[in-house]
Structures are given as C-alpha cells and as structure tokens.
Amino acid sequence: MCKYKDTDLGIKKLDFNVKRGAMAVFLTDGREVIVPVSMFPDIKKLSKAQREDYMIMDDQYFSFESLSRIYSIKDVLRC
Numbered sequence: 002m003c004k005y006k007d008t009d010l011g012i013k014k015l016d017f018n019v020k021r022g023a024m025a026v027f028l029t030d031g032r033e034v035i036v037p038v039s040m041f042p043d044i045k046k047l048s049k050a051q052r053e054d055y056m057i058m059d060d061q062y063f064s065f066e067s068l069s070r071i072y073s074i075k076d077v078l079r080c
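Each residue of the sequence shown is one higher than the one before, counting from 2 in our numbering.
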C-alpha cells in the first residue's frame, strides 16, 4: 500500500461522472480524490464506455481493458 503521512492507502473505485474532465478516486480510508483526467493522457483518449471498463489490482493499481498501461495509486497521489 502507498504510505502517505503514516497511513496505508488503497484504491476502492474510480468514477468518471463526478465532473467533466475529472476522475474521482475513492480510497480505502473513505476519502475521495478528484484529479483532472488530463494528468493521464492515455485515459483522456478513452471513450466513456472504455473508461468504465477498469480493473483495480491489489488496491494499489488500476488499468483499463483498452490500455496496456498500469497506473498506481502513487500516480494519483504523487507520493
């Protein structure tokens, strides 16, 4: 897990419907982080249906069926 200020964090779910051009990342500690999709150019290029086809691995990583890249919670939090 990503250590952030002495807290173990993981990814619970992603949501692309919170705000246009943004991605909400729900964390295992109950917090929600909203980041611009522009931080992830590959994800920005995906259609709405492709964005909904994501998978979370070991609470630390996420990827999409249409992409070969695997993203980390560290990519979201910059930790």
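The C-beta atom is built at its ideal place from N, Cα and C for all residues, glycine as well. Because the structure is a prediction, the values reported are computed rather than measured.
>> To the nearest angstrom, how far is the alpha carbon of Ile44 from that of Phe63?
In response: On the sequence shown, residue 44 is found 43 positions in, with the first residue counted as 1. On the sequence shown, residue 63 is found 62 positions in, with the first residue counted as 1. The straight-line gap from Cα to Cα measures roughly 11 angstroms.
> For Val19, does the three-state DSSP call read helix, strand or coil?
Replying inline: One-based indexing of the sequence shown puts residue 19 at position 18. Coil.
> Looking only at DSSP bridge pairs, what is Lys14 linked to?
Replying inline: Your numbering for residue 14 matches position 13 in the sequence shown. DSSP lists Phe27 as partners of Lys14.
> Going along the chain, which residues of its own chain have a beta-carbon closer than 7 angstroms to the beta-carbon of Pro37, five neighbours each way excluded?
Replying inline: Translated into positions along the sequence shown, residue 37 becomes position 36. Same-chain partners within the cutoff: Gly22, Ala23.
> Between the C-alpha atoms of Gln51 and Glu66, what's the straight-line distance to the nearest angstrom?
Replying inline: One-based indexing of the sequence shown puts residue 51 at position 50. One-based indexing of the sequence shown puts residue 66 at position 65. Each residue's alpha carbon lies about 7 angstroms from the other.
>> Am I right that Leu28 and Lys49 are in contact with their C-beta atoms under 8 angstroms? What's the rounded C-beta distance?
In response: Numbered from its first residue, the sequence shown carries residue 28 at position 27. Numbered from its first residue, the sequence shown carries residue 49 at position 48. So it is not a contact: roughly 23 angstroms between Cβ atoms.
>> Quick check on this structure: which residue in Gly11, Pro42, Phe17 has the alpha carbon closest to the alpha carbon of Arg136?
In response: Given that the chain is displayed from residue 2 to residue 80, the structure contains no residue 136 and the question cannot be resolved.
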